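Okay, so here's the structure we're looking at.
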Amino acid sequence: MRKIFEGNLLKMQTENTKPISYYLYSDEDRILMNSLIDKRLRITYSGRINCVSCDSLTKTSFHNGYCYSCFTSLPQTDKGVLHPELDLSHEGISRDMEWAKKHSLVDHFVYLSVTGNLKVGVTRYSQIPTRWIDQGAISAIKLARTPYRQLAGLIEVELKKYVSDKTNARAMIQAKTHEIDLLKQKKELANLLPLDLQEYVTVDNSITELSYPAEGEISYKTNLRLDKLDEIYAKLVGIKGQYLIFEDGLVFNVRNHQGYYVKIEQE
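For the record, in the sequence shown the residue sitting at position 13 is 13 according to my numbering, with numbers rising by one throughout.
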């Protein structure tokens with residue numbers, strides 16, 4: 001076996017190529033994960049988790065890689081991150097207003113995407129198309145643009161009455177094509193918004209199509225967790241969203257394991 005990575009996992013970085021290029025970073029290397037498809041890999045978990053912010057050891061990972069202290073104090077783990085409508089930075093309330101000025105008090109998009117099903121979501125303007133790629137979307141359209149995060153969250157709350165804001169991981173991994181008319185959906189949903197929110201609907205009707213290194217028979221049967229097993233040994237057959245997809249329907253969510261110290265070897 002040839003060692004190709006050792007260190008604390010972070011979410012894979014991406015480039016919007018066709019198909020999407022995925023990279024795993026360590027302190028020393030940048031590994032193109034696409035090049036490992038059709039190779040047999042061994043991922044060995046050391047039993048150690050380091051906080052992705054302060055690097056301290058933690059028995060439990062909170063919010064994809066934080067220790068409890070950072071989870072309860074940092075702005076990037078505040079309630080407004082998971083629930084944009086609860087963000088209060090536009091009222092001058094934040095765990096860190098300097099952080100909020102760069103991440104919350106900037107333009108945000110409300111979007112529709114197809115990740116196996118139609119979903120609605122919110123993201124900062126600078127996170128497009130990264131957000132869509134991380135979710136495994138195969139197509140997406142911008143629906144509204146707002147000057148700060150909480151307002152985008154209010155629009156999302158209205159749209160959640162009609163469209164889910166959740167991604168079904170099994171459907172996402174297995175989806176390759178769809179028959180959803182995103183422009184039609186955008187127009188219909190925009191008309192369902194209260195009048196005071198309709199003014200934020202964007203005139204940009206361009207649709208982004210995304211393709212992934214996940215060809216052939218791709219399935220989802222078992223989501224692998226390093227908390228429950230120390231080692232994964234299987235053939236990598238594809239990558240989509242933040243999932244490594246192995247043979248026999250085994251999948252591994254890299255982002256959910258941020259901070260986990262692992263060694264990855266190639267046969």
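Glycine included, C-beta positions come from ideal geometry on N, C-alpha and C. Model, not experiment: these values are computed from the prediction.
Task: Residues sharing a beta bridge with THR39, DSSP - done: Here residue 39 is Lys; the residue named in the question, Thr, does not match the sequence. Looking at the DSSP assignment, LYS39 forms no beta bridge with any residue, so it has no partner.
Task: GLN150, enclosing alpha helix (DSSP H) - first and last residue - done: Per DSSP, GLN150 belongs to the alpha helix (DSSP H) from 149–159.
Task: Run of the beta strand (DSSP E) containing GLU231, from where it starts to where it stops - done: Its beta strand (DSSP E) spans residues 231–240.
Task: SER56, DSSP secondary structure in three states - done: SER56 falls in the coil class under three-state DSSP.
TODO: Compare the beta carbon distance of ILE141 and LYS240 with 7 Å and say whether it is the shorter of the two.
DONE: ILE141 places its beta carbon 7 Å or farther from that of LYS240.
Open item on the list: Closest to TYR220 by C-alpha separation, out of VAL203, THR17, ALA171 and LEU226, would be which residue?
Closed with: When C-alpha distances from TYR220 are compared across VAL203, THR17, ALA171 and LEU226, the shortest belongs to ALA171.
Task: Run of the alpha helix (DSSP H) containing GLY259, from where it starts to where it stops - done: Bounds of any alpha helix (DSSP H) do not take in GLY259, whose DSSP letter is neither H nor E.
- [ ] Pull up the distance between the alpha-carbon of GLU15 and that of GLU247, whole angstroms please.
- [x] Rounded to the nearest angstrom, the two C-alpha atoms are 24 Å apart.
- [ ] Could you pull the start and end residues of the alpha helix (DSSP H) that GLU188 belongs to?
- [x] Residues 182–190.
Task: Paired residues, beta bridge with LEU250 - DSSP - done: Paired residues: THR222.
Open item on the list: Quick check on MET80: does DSSP put it in helix, strand or coil?
Closed with: A quick correction: the sequence has Gly, not Met, at residue 80. The answer is helix: DSSP assigns GLY80 an H, G or I state.
Open item on the list: On the DSSP bridge list, what partners appear for ILE273?
Closed with: With the chain running from 1 to 267 in the structure shown, residue 273 is simply not present.
- [ ] May I have the straight-line CA-CA distance separating ILE37 from LYS160, to the nearest angstrom?
- [x] When the Cα atoms are used, ILE37 and LYS160 turn out to be separated by approximately 37 Å.
Task: 7 Å Cβ cutoff met for GLU85 and VAL157 - done: Yes.
Task: As assigned by DSSP and simplified to three states, the class of LEU86 - done: In this structure, LEU86 counts as helix in the three-state DSSP scheme.
Task: Pair within 7 Å by beta-carbon distance, TYR243 and ASN253 - done: If you check the CB distance, TYR243 and ASN253 come in under 7 Å.
TODO: Pull up the distance between the alpha-carbon of HIS338 and that of HIS83, whole angstroms please.
DONE: In the structure displayed, the chain extends from 1 to 267; residue 338 sits before or after that span and is not available.
Task: CB of GLU267 within 7 Å of CB of ARG40, strictly - done: Yes, these two residues count as a Cβ contact at 7 Å.
Open item on the list: Looking at the strands, I want to know which residues DSSP matches up with LEU112.
Closed with: In the DSSP assignment, the residues bridged to LEU112 are VAL120 and ILE141.
Open item on the list: Here's the rule: buried if 16 or more other CB atoms are within 10 angstroms of the residue's CB, otherwise exposed. What is TYR68?
Closed with: Classification of TYR68: exposed, given that the 10 Å Cβ count is below 16.
Open item on the list: Considering only their Cβ atoms, is the gap separating LEU226 from TYR261 smaller than 7 Å?
Closed with: No, these two residues do not count as a Cβ contact at 7 Å.
Open item on the list: Restricting to Cα atoms, I'd like to know which of PHE5, ILE20 and TYR233 is closest to ASP134.
Closed with: Out of PHE5, ILE20 and TYR233, ILE20 has the C-alpha closest to the C-alpha of ASP134.
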